[in-house]
Amino acid sequence: MNNNSVLFEEDFKIKGWDFTNAGEASLKIKNYLKEVGIAENILKRVAITSYEAEMNIVLYAKEGTINFKVTPKKVLLEVKDRGPGIEDVELAMKEGYSTATEEIRNMGFGAGMGLPNIKKNADMFVIKSEPGKGTKLNIEVYLK
Amino acid sequence: MKIKKIKEILNAELLTDDINTDVEIQAVNCADLMSDVLAFQNKGGLLITGLINIQVLRTAAITDIVAIVFVRGKIPDKAVIDEAKSKNILLLCTKLPMYEACGLLYKEGLKGISE
């Protein structure tokens, strides 16, 4: 089998400020990886990166999508949102830096740990953002 | 430490009485910010928090937290309790403030997540 062949793929639509479903896409991803027997430490890293990215859509954007793919070698997440974008990506990658509102903090988020935590848990992480348009994250976690 | 013992030490009320309490807690994390919970390994652990919204449960499910203690007498609404039951996460609530709840458990030998 080709190392790049896609064994499983699913798209999730995420709505901004929808707390009824916030996190459910990432829990589905986690459960899928658990069912197919992915090692605990790996599926946990995927779950955390996915959940952080999903919560970023819910908290900051109007809407977004998570594309989840599994190949024989890795798990890939492509997370796109239609939101305000990030003015200074370098600054946003610093632990503790946050533009969160009081409302977001009351939900338990906005500590300025999300993006650095995604980077910490991913084997490959690329962020592209256009102010006024949105943000795109590419995340990869290797299976071995 | 078993949940039963934790319940006793904190003089806590069990909100999810149909979930098996025969669970061994290895370590405790304590935070009101879910972002901070996500930044640490919590496997098999207990979370002590003053936050009672649905996001606490989703964060717990993502990070393999098996039980949550709500402090300062806060009780989440029914939707949160129902979701905890469906995700097999134990919920307890105590009238104690956060510092005292943590201190009592630590004194009895329950370790933190970095130990």
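Order-wise, the sequence lines are chains A and B.
By this note's numbering, the letter at position 50 of the first sequence is numbered 50, and the numbering carries on one by one without gaps.
By this note's numbering, the letter at position 65 of the second sequence is numbered 1065, and the numbering carries on one by one without gaps.
For every residue, glycine included, the Cβ atom is placed at its ideal position computed from N, Cα and C.
Residue(s) in a DSSP beta bridge with residue i
{"i": "residue 124/A", "result": "140/A"}
{"i": "residue 1093/B", "result": "1013/B and 1070/B"}
{"i": "residue 11/A", "result": "67/A"}
{"i": "residue 129/A", "result": "135/A"}
{"i": "residue 1112/B", "result": "1028/B"}
{"i": "residue 48/A", "result": "Answer is none; residue 48/A lacks a bridge partner."}
Within 9 Å, strictly: CB atoms of residue i and residue j
{"i": "residue 47/A", "j": "residue 74/A", "result": "no"}
{"i": "residue 83/A", "j": "residue 61/A", "result": "yes"}
{"i": "residue 81/A", "j": "residue 101/A", "result": "no"}
{"i": "residue 1038/B", "j": "residue 1075/B", "result": "no"}
{"i": "residue 76/A", "j": "residue 138/A", "result": "yes"}
{"i": "residue 68/A", "j": "residue 32/A", "result": "yes"}
{"i": "residue 1104/B", "j": "residue 1009/B", "result": "yes"}
{"i": "residue 53/A", "j": "residue 79/A", "result": "yes"}
{"i": "residue 1067/B", "j": "residue 1025/B", "result": "yes"}
{"i": "residue 109/A", "j": "residue 55/A", "result": "yes"}
{"i": "residue 57/A", "j": "residue 104/A", "result": "no"}
{"i": "residue 5/A", "j": "residue 72/A", "result": "yes"}
{"i": "residue 113/A", "j": "residue 95/A", "result": "yes"}
9 Å Cβ cutoff, residue i in contact with chain A
{"i": "residue 1032/B", "result": "yes"}
{"i": "residue 1009/B", "result": "no"}
{"i": "residue 1055/B", "result": "yes"}
{"i": "residue 1082/B", "result": "no"}
{"i": "residue 1051/B", "result": "yes"}
{"i": "residue 1038/B", "result": "yes"}
{"i": "residue 1061/B", "result": "yes"}
{"i": "residue 1043/B", "result": "yes"}
{"i": "residue 1035/B", "result": "yes"}
{"i": "residue 1072/B", "result": "no"}
{"i": "residue 1077/B", "result": "no"}
{"i": "residue 1017/B", "result": "no"}
C-beta neighbour in chain B for residue i, strict 9 Å
{"i": "residue 113/A", "result": "yes"}
{"i": "residue 4/A", "result": "no"}
{"i": "residue 145/A", "result": "Summary: the structure shown does not reach residue 145/A, with chain A confined to residues 1 through 144, and so no result is reported for it."}
{"i": "residue 125/A", "result": "no"}
{"i": "residue 27/A", "result": "yes"}
{"i": "residue 110/A", "result": "yes"}
{"i": "residue 37/A", "result": "no"}
{"i": "residue 93/A", "result": "no"}
{"i": "residue 24/A", "result": "yes"}
{"i": "residue 40/A", "result": "yes"}
{"i": "residue 48/A", "result": "yes"}
Selected residue, minimal CA-CA separation from residue i, among the options
{"i": "residue 111/A", "options": "135/A, 93/A and 22/A", "result": "93/A"}
{"i": "residue 1082/B", "options": "1019/B, 1001/B, 1007/B and 1005/B", "result": "1019/B"}
{"i": "residue 1112/B", "options": "1021/B, 1022/B, 1007/B and 1044/B", "result": "1044/B"}
{"i": "residue 1072/B", "options": "1032/B, 1001/B and 1115/B", "result": "1032/B"}
{"i": "residue 1007/B", "options": "1106/B, 1093/B and 1115/B", "result": "1093/B"}
{"i": "residue 119/A", "options": "21/A, 51/A, 25/A and 107/A", "result": "51/A"}
{"i": "residue 1061/B", "options": "34/A, 142/A and 144/A", "result": "34/A"}
{"i": "residue 115/A", "options": "49/A, 14/A and 28/A", "result": "49/A"}
{"i": "residue 1001/B", "options": "1114/B, 1106/B and 1115/B", "result": "1106/B"}
{"i": "residue 1065/B", "options": "1053/B, 1080/B, 1077/B and 1028/B", "result": "1028/B"}
{"i": "residue 117/A", "options": "144/A, 44/A, 63/A and 85/A", "result": "44/A"}
{"i": "residue 1079/B", "options": "1035/B, 1070/B, 1053/B and 1069/B", "result": "1053/B"}
CB contact below 9 Å: residue i versus chain D
{"i": "residue 19/A", "result": "Among the protein chains of the structure shown, namely A and B, there is no chain D."}
Just checking, does the stretch 1046-1057 of chain B make contact with the stretch 1096-1106 of chain B on the three C-beta pairs under 8 Å criterion?
Judged by Cβ distances under 8 Å, the stretch 1046-1057 of chain B makes contact with the stretch 1096-1106 of chain B, as three or more pairs qualify.
The stretch 1083-1097 of chain B in contact with the stretch 1051-1066 of chain B per 3-pair CB rule at 8 Å
Here the stretch 1083-1097 of chain B lies against the stretch 1051-1066 of chain B, with 3 or more beta-carbon pairs under 8 Å apart.
Is the stretch 124-144 of chain A touching the stretch 1010-1029 of chain B in the sense that three or more CB pairs, one from each, lie closer than 8 Å?
As far as the Cβ criterion goes, the stretch 1010-1029 of chain B does not touch the stretch 124-144 of chain A, which means the pair count is below three.
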